[in-house]
Amino acid sequence: MLEVVEVSKKYGNKLAVDRISFTVGSGEVVGFLGTNGAGKSTTMNMITGYLSCSEGKITVDGHDILTDPEKVKKQIGYLPEIPPLYQDLTVWESLCFTYDLKKVKLNKKEHLNEICELVQITDVKNKLVHNLSKGYKQRVGLANALIGNPPLLILDEPTVGLDPKQIIEIRKLIHELAKTRTVILSSHILQEIEAVCDRIIIINQGKIVADDTPIKLIETQQMEKCITLQAQGKPTQIVSLLKTIPNVEDVTYKMTTQQDVYEYYLETKGVDVRATLSFVLVQNHIPLLELRSNQPTLEDVFMKYTTKSYDAYTLDEEEGGEEDVCDL
Amino acid sequence: MFAIYKRDMRSYFVTPIGYVFLAIFYAIAGYYFFGYQLYGGNADFSYLFDALFSMVIFLSPLLTMKMFSEEKRHKTDQGLMTAPVSLTGIVAGKYLAALSIFMLALAITLLYLGIVAVKAPVELAVFLGHFIGMFLLGGALCAIGMFVSVLTESQVIAAVGTIGFGIFFTMVDSVGVMLGTPLIEKVCNYLSFYTHYQDFTTGLLNIADVIFFVSIAALFIFLTVRVLDKRRWS
């Protein structure tokens, strides 16, 4: 359906997107993840033809966006981060304008009514766009994107700025739309991407750093399993003991509020060492106060790929700072 | 293109801009028509059109100042640029909408012609010369205004810039005279709207003058398309 080959985008001297390549098959629901300024919107804007790529090639159903833009644009329904809606039009007029603009051949009234029903904007059809809430504007934007039944739907942060109820509603709607269309979706909300998408592409500093299913991305993370434990005793002795356990790669620790009690972080080669660990500590008469395996989440995956040091992140998150962490 | 034309035409009348433009235009035209034709008993429309010639330079930015600047500011240009419409189609739709409103304003002079023609013989060639000249001038000014509008997100800057361009093209011949060099004088004269408008006022349809105004309009329409295209690449 969509093929992006070695695509780059430069803004002056700044490389916003750096030779990214990916393909999206028919019926796939792909999520774009990345921090602000990572290149997600730029990539989407290049796919939709709003921006031209500095290098590379983008094709939709075999049509090149540069040489055959109108054919490509007919295949795409695009909802940018800020829905492009004229404030002085009513919802119905806005839909009619997009219908005419896209030169759709379907029965106008029937098609637009169908879309209104689908995105649930029938009750505001005659209201001015200017008077709509953010959630409704987002729905009207989505309705505009759906006009002409484009097989590829590109949604740039469709739930940004919405309240939790509206987020759930829009998410349900996207889920519904994804049944019959190819969807590319960008979001900062990881749960949203995880809930909706079959595949995740993580972009960092203009490059694709990960591209897989959510489950596989989390599984990769589990390969570097982390264990947290609290034990009473001298940290130097405990760290030495922990390091003797097979498959333990790294041990760090920090103080707790209790005297003589320290919290330890173990990184293993994806092997569960909790049983061995408890035996070793008990054999050495070291009281084990707490032991837990840190289950990675998509957030961990995201942070791993978008921050320079994953270790720093995990410690930061759990301790509120790394200044009192000792790495032995 | 037709969808954009329709939307922009509608936009002129759901916002006060279209009404304000037409009201001012009609008021000025009406004032001079009453003063020269009705009160002065004159069948020559030259005074009316001479007054309009100066006024359209200041009035035309009302039609063009929000053409693209507003689209860019509200990000609605993203909807246009990602729709299956060519850049030329987008620009042409907007340009024709502005030109239609200008034509609607200018059409009032046809009514004046009818009123005067009932009572007195009118030099039709002079009237038509003025009318065509004014239409071509409006076409050129709309294209210039549209070009300035695509360069900025501010309507005020777009309006002031268009007036600046208008004054330049109207007064450039007098600048040429002041500079003294024959070549510069010739070039300045050639670029002057005023010089090219003169033949129309005598009822002559000089094809060179028509081509000049059409070329100016075409040049600025082309530049508008280029600016939109360049924005995608930069």
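Chains A and B, in that order, are what the protein sequence lines are.
Residues in the first sequence are numbered consecutively from 2, following my numbering.
Residues in the second sequence are numbered consecutively from 603, following my numbering.
For every residue, glycine included, the Cβ atom is placed at its ideal position computed from N, Cα and C.
Label residue i either buried or exposed according to how many other C-beta atoms from any shown protein chain fall within 10 Å of its C-beta, with 16 as the threshold for buried.
i, result
"R200/A", "buried"
"E118/A", "exposed"
"V130/A", "buried"
"W835/B", "exposed"
"N145/A", "buried"
"D164/A", "exposed"
"I809/B", "exposed"
"V197/A", "buried"
"R293/A", "exposed"
"F733/B", "buried"
"G747/B", "buried"
"T181/A", "exposed"
"I148/A", "buried"
"E177/A", "exposed"
Measuring CA to CA, which of the options is closest to residue i?
i, options, result
"V262/A", "L278/A, I175/A, G234/A and L113/A", "G234/A"
"Y697/B", "L807/B, F604/B and T797/B", "F604/B"
"S55/A", "N132/A, H286/A, Y12/A and V125/A", "Y12/A"
"T123/A", "K173/A, I171/A, V141/A and K106/A", "V141/A"
"T221/A", "T68/A, K305/A, V240/A and I239/A", "K305/A"
"K126/A", "K106/A, T91/A and V18/A", "T91/A"
"T666/B", "I786/B, A694/B, R833/B and V687/B", "A694/B"
"G735/B", "L708/B, G620/B, T678/B and T690/B", "L708/B"
"L133/A", "L154/A, N108/A, W93/A and Q260/A", "W93/A"
"V816/B", "I692/B, S656/B, A745/B and L830/B", "A745/B"
"I190/A", "V161/A, K173/A and P215/A", "V161/A"
"A232/A", "E291/A, Q88/A and K110/A", "E291/A"
"E672/B", "T617/B, D652/B and M657/B", "T617/B"
"Y792/B", "T783/B, D775/B, G805/B and M748/B", "D775/B"
"H798/B", "D679/B, F771/B and I619/B", "F771/B"
"L743/B", "K677/B, D610/B, T764/B and G731/B", "T764/B"
"I185/A", "I148/A, A39/A and N46/A", "N46/A"
"N150/A", "E115/A, P81/A and E71/A", "E115/A"
"P663/B", "G620/B, F636/B and G642/B", "G620/B"
"E725/B", "T803/B, K674/B and V658/B", "T803/B"
"E170/A", "G136/A, T44/A and T237/A", "G136/A"
For residue i, which of helix, strand or coil comes out of DSSP?
i, result
"A232/A", "strand"
"K15/A", "strand"
"F770/B", "helix"
"T307/A", "helix"
"T315/A", "Its pLDDT being 44, under 50, T315/A is placed unreliably in this model, and the coordinates cannot settle the point."
"K58/A", "strand"
"A39/A", "coil"
"I626/B", "helix"
"F33/A", "strand"
"D69/A", "coil"
"D251/A", "strand"
"A719/B", "helix"
"T183/A", "strand"
"L153/A", "strand"
"E7/A", "strand"
"F670/B", "coil"
"M2/A", "coil"
"T91/A", "strand"
Applying a beta-carbon distance threshold of less than 8 angstroms, which residues of chain C neighbour residue i?
i, result
"T49/A", "The structure shown contains no chain C; its protein chains are A and B."
Less than 7 angstroms between the C-beta atoms of residue i and residue j, yes or no?
i, j, result
"D212/A", "S42/A", "no"
"V25/A", "G57/A", "no"
"N248/A", "V272/A", "yes"
"L650/B", "Y633/B", "no"
"T826/B", "V752/B", "yes"
"V252/A", "L243/A", "yes"
"T277/A", "I246/A", "yes"
"I703/B", "Y628/B", "no"
"P215/A", "L299/A", "yes"
"G78/A", "G207/A", "no"
"L113/A", "L96/A", "yes"
"V210/A", "I202/A", "no"
Over what stretch of residues does the alpha helix (DSSP H) that includes residue i continue unbroken?
i, result
"E268/A", "Counting along the chain, E268/A falls outside any alpha helix (DSSP H), though it belongs to the beta strand (DSSP E) covering V262 to T269."
"S756/B", "Premise fails: S756/B is in no alpha helix (DSSP H) and is neither H nor E."
"Y796/B", "F795 to T803"
"G136/A", "K135 to L147"
"Y79/A", "Unbroken run through Y79/A is the beta strand (DSSP E), I77 to L80; no alpha helix (DSSP H)."
"N295/A", "Looking at the DSSP string, N295/A is not in any alpha helix (DSSP H); the run it does join, the beta strand (DSSP E), is L289 to N295."
"I209/A", "That residue, I209/A, is in no alpha helix (DSSP H); its beta strand (DSSP E) goes K208 to D213."
"N132/A", "Unbroken run through N132/A: none, as it is neither H nor E."
"H176/A", "P165 to L178"
"V816/B", "I809 to W835"
"K110/A", "K109 to V120"
With respect to the beta strand (DSSP E) encompassing residue i, which residues constitute its N-terminal and C-terminal limits?
i, result
"I204/A", "R200 to N205"
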